[in-house]
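Participant: First the structure, then my questions, so here it is.
Numbering (this note's numbering), first residue to last: 1202 to 1947.
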């Protein structure tokens, strides 16, 4: 007896063990899923966080200067290992900033044997060109250079000096005693522009220099034209020349004069604008990187950015944004080499750092207790070199992502060259002067737009098919239809995207009139077929196999679609003068892109339909039969039972199906990537494309530099996509639970 009890308890023990293992296995799997999601969430935050870090400026090195010469300009090499200084001797000095001999003067070049000069000017920072004007009509242009080599596995930087136009300079007629000047030289050093004002004259002159190689002597011969700029009279406050030699900007008595100097024989005044109030004076000005904007500060501490904007009267300089500085004694404005950041210095040792595009004040602090006489940013904007009365001060700067602010990401931003603020995503360009534009609004809008058109196409078809299959379709046919639709879900989306881009998009463009009519005519034909079937004689209906109506409807749909496609040329000729696309563009004023939202909606709809169909069909089919049978027994029709009993009971599952389909549409990548023009525009038109968050990540992530602003913003886009799906799933679960609680008593 005892042995039999032992034998009977053994299967129970094994069963309990299996139950426990299954219980803990399922729990462990669920916890691991949650952990994986949390790890993804926090990793995205880890990558994104640095773009919102603040700016830091920390002292690193001090250099005591031996001489008493005035400092004209400063700079460093790319690696901030060597600094250079132009002095009033005039000379170019190099100082060591790294290694055992740091702070040492390592090399000095005296320019033109120390001959006195009359004026000095610096080009845009990234060009690293500096000019001295002499009373003998000579202009000497100097360029610091650094030769990088490697010895004993260590980088060695050797400072050099170059003269693009020779050590003795180039002679420019009638340039004696220049008091103030600005210049620009092309990268090939074959053209130069010089705008200057002499001590004896109040006129401002422009000299264009053009070099041509003499093939006989192999020497460059220079041709020059000198033109007096119109309108200007009296001493000017400041002069600037753009790097492309197209504009000269002059500041005088609070007004900005802009001249077109692209052609010396066609000089003209482009605009004249008052840039500071009459009771204020300009204290500093500078061109920003790219030379499209000018930054102007007045004696009230107000700093303004101006650039050219299209208007009804032409292009004119417009004040775009302002920054208010707490220090009114602004001494200098120092732009970065490539970004639209600039630093402002004062006589009290304060430094303020701004980024123009995002209208952001990034840093404000007193870094020294004495006057900042000169300053320069390193080429990579990771250091500042400052001149004081005591010597040179080097500061480490952490300012990797100044262009990223919440306003730049999510609000309209006024970019250089644009006529008004706008949402723009444009991360790269072929131009060195390009300013990246990182608004997430267009690609977020594109994600919503693509999902909207996909759901607009898929939800009615998928839900109608699911309800019919689960409630009306004969069981024998259902066993074939349901697995077939579910197998469609396994179709790779890259195949759907390929077909949509290369086959469907040209087909829709060629037969657009037929497609438009098909959208209206096909439902009418289906209803007409249903009406005809319903009115067939009862004896005939009873003789036909059950479910034959749905099978016979398939040829009707194919026939209607094929007929309209064949009639498409005739429809185009009758209604649209032979070309629907031209009619839409010219007559309706609607832009037409071949790979548009209609193509995406259809292609992505086919990808989403199996998901919605499968879940919704299971929900409808799982409604207890006694509910529907009881409703029918009480005299309700099949439609009344469907609407008032079956759909209400299945509503939690149907809603979950729709939300699952929406989540699939939001995260879809390959179809959107291949079936649209991937243009990040904000337009609800069905004939325009879009760019989604997922497609944008897929396109640009392989080309982004690891750790760059672009790289981290792509991770931010992934984080936004993660939040999207999280919100959708949370709402879906909340609504599903409410529906389940409400209709569970049926």
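Note that CB positions come from ideal geometry on N, CA and C, so glycine has one too.
Taking all protein chains shown into account, do 16 or more other C-beta atoms lie within 10 angstroms of the C-beta of residue 1430, making it buried, or fewer, making it exposed?
Facilitator: Taking the first residue of the chain shown as 1, we reach residue 1430 at position 229. Buried is the label assigned to residue 1430, since at least 16 other Cβ atoms lie within 10 Å of its Cβ.
Participant: So residue 1358 packs on residue 1351, CB below 8 Å; how close in whole Å?
Facilitator: Within the chain shown, numbered from 1, the residue matching residue 1358 stands at position 157. Within the chain shown, numbered from 1, the residue matching residue 1351 stands at position 150. Wrong, their Cβ atoms sit about 10 Å apart, outside the cutoff.
Participant: By how many angstroms is the C-alpha of residue 1612 removed from the C-alpha of residue 1913?
Facilitator: In the chain shown, the residue the question calls residue 1913 occupies position 712. In the chain shown, the residue the question calls residue 1612 occupies position 411. Computed Cα separation, rounded: 19 Å.
Participant: Based on the DSSP output, what are the partners of residue 1457 in its beta bridges?
Facilitator: The count along the chain shown starts at 1 and reaches residue 1457 at position 256. The partner list for residue 1457 (beta bridge, DSSP) reads 1452 and 1474.
Participant: What first and last residue would you give for the alpha helix (DSSP H) that runs through residue 1740?
Facilitator: Position 539 of the chain shown, counted from the first residue, corresponds to residue 1740. Under the DSSP assignment, residue 1740 falls in the alpha helix (DSSP H) whose first and last residues are 1739–1744.
Participant: Can the beta-carbon of residue 1556 be found less than 8 Å from the beta-carbon of residue 1604?
Facilitator: Mapped onto the chain shown, residue 1556 falls at position 355. Mapped onto the chain shown, residue 1604 falls at position 403. The Cβ atoms of residue 1556 and residue 1604 lie closer than 8 Å to each other.
Participant: Output the residue ranges of the alpha helix (DSSP H) runs that lie fully inside the segment 1885–1925 and measure 4 residues or longer, sorted by chain position.
Facilitator: 1894–1901
Participant: Given that a residue counts as buried once 16 or more other Cβ atoms are within 10 Å of its Cβ, and exposed if not, what is residue 1534?
Facilitator: By 1-based counting over the chain shown, the position of residue 1534 is 333. Flag for residue 1534 reads buried.
Participant: Can you give me the Cβ contacts of residue 1734 inside the same chain, cut-off strictly under 6 Å, excluding the 5 residues immediately before and after it?
Facilitator: On the chain shown, position 533 is the one that residue 1734 refers to. The residues are 1750.
Participant: Do the CB positions of residue 1379 and residue 1444 come within less than 8 Å of each other?
Facilitator: Position 178 of the chain shown holds residue 1379. Position 243 of the chain shown holds residue 1444. Cβ atoms of residue 1379 and residue 1444: not closer than 8 Å.
Participant: Return the chain-ordered list of same chain residues with a C-beta closer than 6 Å to the C-beta of residue 1519, the five sequence neighbours on each side being excluded.
Facilitator: As a first step, residue 1519 must be located in the chain shown, where it is residue number 318. Cβ neighbours of residue 1519 beyond the five flanking positions: 1510.
Participant: For residue 1281, does the three-state DSSP call read helix, strand or coil?
Facilitator: Against the chain shown, residue 1281 aligns to sequence position 80. Residue state, collapsed to three classes: coil.
Participant: Would you mind working out which of 1849, 1454, 1894 and 1364 sits nearest residue 1941, comparing C-alpha positions?
Facilitator: On the chain shown, residue 1941 is found 740 positions in, with the first residue counted as 1. Minimum Cα distance to residue 1941 is reached at 1849.
Participant: Contact defined as beta carbons within less than 8 Å: I believe residue 1878 pairs with residue 1922. What is the distance between those atoms, to the nearest angstrom?
Facilitator: Position 677 of the chain shown, counting from 1, holds the residue named residue 1878. Position 721 of the chain shown, counting from 1, holds the residue named residue 1922. For residue 1878 against residue 1922, the beta-carbon gap comes to about 21 Å, at or over 8 Å, which does not count as contact.
Participant: Per the contact definition of three or more C-beta pairs closer than 8 Å, is the segment 1300–1309 in contact with the segment 1382–1396?
Facilitator: no
Participant: Span of the beta strand (DSSP E) holding residue 1763?
Facilitator: On the chain shown, residue 1763 is found 562 positions in, with the first residue counted as 1. Residue 1763 -> not in any beta strand (DSSP E); alpha helix (DSSP H) instead, spanning 1749–1767.
Participant: Tell me the residue span of the alpha helix (DSSP H) that contains residue 1654.
Facilitator: Translated into positions along the chain shown, residue 1654 becomes position 453. Looking at the DSSP string, the run of the alpha helix (DSSP H) that includes residue 1654 is 1642–1668.
Participant: Can you tell me whether residue 1932 is buried or exposed, with buried defined as 16 or more other CB within 10 angstroms of its CB?
Facilitator: Looking up residue 1932 in the chain shown gives position 731. It counts as exposed.
Participant: Who are residue 1293's beta bridge partners in DSSP?
Facilitator: By one-based count along the chain shown, residue 1293 stands at place 92. In the DSSP output, where bridge partners are listed per residue, residue 1293 has 1287 and 1310.
Participant: Decide yes or no for the touch test of the segment 1705–1718 against the segment 1813–1821: beta carbon pairs closer than 8 Å, at least 3 of them.
Facilitator: No, they do not touch.
Participant: Below 8 Å between beta carbons: does that hold for residue 1447 and residue 1426?
Facilitator: As a first step, residue 1447 is located in the chain shown; it is residue number 246 there, counting from the start. As a first step, residue 1426 is located in the chain shown; it is residue number 225 there, counting from the start. Their beta carbons are not under 8 Å apart, which means residue 1447 does not touch residue 1426 by this criterion.
Participant: Are the segment 1791–1801 and the segment 1821–1831 in contact at 8 Å, needing three or more beta carbon pairs?
Facilitator: Contact between the segment 1791–1801 and the segment 1821–1831 is not established, with fewer than three Cβ pairs separated by less than 8 Å.
Participant: Drop a sphere of 10 angstroms on the beta-carbon of residue 1202, count the other beta-carbons inside from all chains shown, and report buried for 16 or more, exposed for fewer.
Facilitator: Translated into the one-based positions of the chain shown, residue 1202 becomes position 1. Note that residue 1202 scores 49 on pLDDT, short of 50, meaning its location in the model is unreliable and no value can be drawn from it.
Participant: Identify, in the order they occur along the chain, each residue of the same chain with its Cβ nearer than 8 Å to the Cβ of residue 1494, setting aside the five sequence neighbours on each side.
Facilitator: Working through the chain shown from its first residue, we reach residue 1494 at position 293. Correct list, in chain order: 1488, 1506, 1507, 1508, 1521, 1541, 1557 and 1617.
Participant: How many angstroms separate the CA atom of residue 1335 from the CA atom of residue 1906?
Facilitator: For the purposes of this step, residue 1335 is taken as the residue at position 134 of the chain shown. For the purposes of this step, residue 1906 is taken as the residue at position 705 of the chain shown. Distance between the alpha carbons of residue 1335 and residue 1906: 46 Å.
Participant: How about residue 1499 and residue 1471: do their beta carbons lie closer than 8 Å?
Facilitator: Here residue 1499 refers to the residue found at position 298 when the chain shown is read from its first residue. Here residue 1471 refers to the residue found at position 270 when the chain shown is read from its first residue. No, Cβ-Cβ distance for residue 1499 and residue 1471 is not below 8 Å.
Participant: Bridge partners of residue 1985, per DSSP?
Facilitator: Here the chain covers residues 1202 to 1947 and nothing more, so residue 1985 does not appear.
Participant: Thinking just about the alpha-carbon of each residue, which of 1473, 1397 and 1844 is nearest to the one in residue 1515?
Facilitator: In the chain shown, residue 1515 corresponds to position 314, counting from 1. Nearest of 1473, 1397 and 1844 to residue 1515, Cα basis: 1473.
Participant: Quick check: the Cα distance between residue 1150 and residue 1882, rounded to an integer number of angstroms?
Facilitator: Coverage of the chain is limited to positions 1202 through 1947, which leaves residue 1150 absent and any answer about it impossible.
Participant: Which residues mark the beginning and the end of the alpha helix (DSSP H) in which residue 1787 is found?
Facilitator: Start at 1 with the first residue of the chain shown, and residue 1787 comes out as number 586. Neither: residue 1787 is in no alpha helix (DSSP H) and is coded neither H nor E.
Participant: Note down the Cα distance separating residue 1578 from residue 1326, rounded to an integer number of angstroms.
Facilitator: Position 377 of the chain shown holds residue 1578. Position 125 of the chain shown holds residue 1326. Distance between the alpha carbons of residue 1578 and residue 1326 is about 9 Å.
Participant: Just to check my reading of the structure: residue 1954 and residue 1876 have Cβ atoms closer than 8 Å, yes? What is that Cβ distance to the nearest angstrom?
Facilitator: Residue 1954 lies beyond the stretch modelled for the chain, which goes from 1202 to 1947, so this question has no answer here.
Participant: For residue 1439 and residue 1888, I'd like the C-alpha separation in whole angstroms.
Facilitator: Taking the first residue of the chain shown as 1, we reach residue 1439 at position 238. Taking the first residue of the chain shown as 1, we reach residue 1888 at position 687. Cα to Cα, the separation comes out at about 51 Å.
Participant: Which full runs of the beta strand (DSSP E) of 3+ residues lie inside the segment 1372–1458, going along the chain?
Facilitator: 1379–1386, 1392–1399, 1405–1415, 1420–1429, 1439–1442 and 1448–1453
Participant: Beta-carbon separation of residue 1655 and residue 1818 under 8 Å?
Facilitator: Position 454 of the chain shown, counting from 1, holds the residue named residue 1655. Position 617 of the chain shown, counting from 1, holds the residue named residue 1818. No; because the gap between Cβ atoms is not below 8 Å, this pair is not in contact.
Participant: For residue 1331 and residue 1343, what's the separation of their Cα atoms in angstroms?
Facilitator: Position 130 of the chain shown holds residue 1331. Position 142 of the chain shown holds residue 1343. Roughly 5 Å separates the two Cα atoms.
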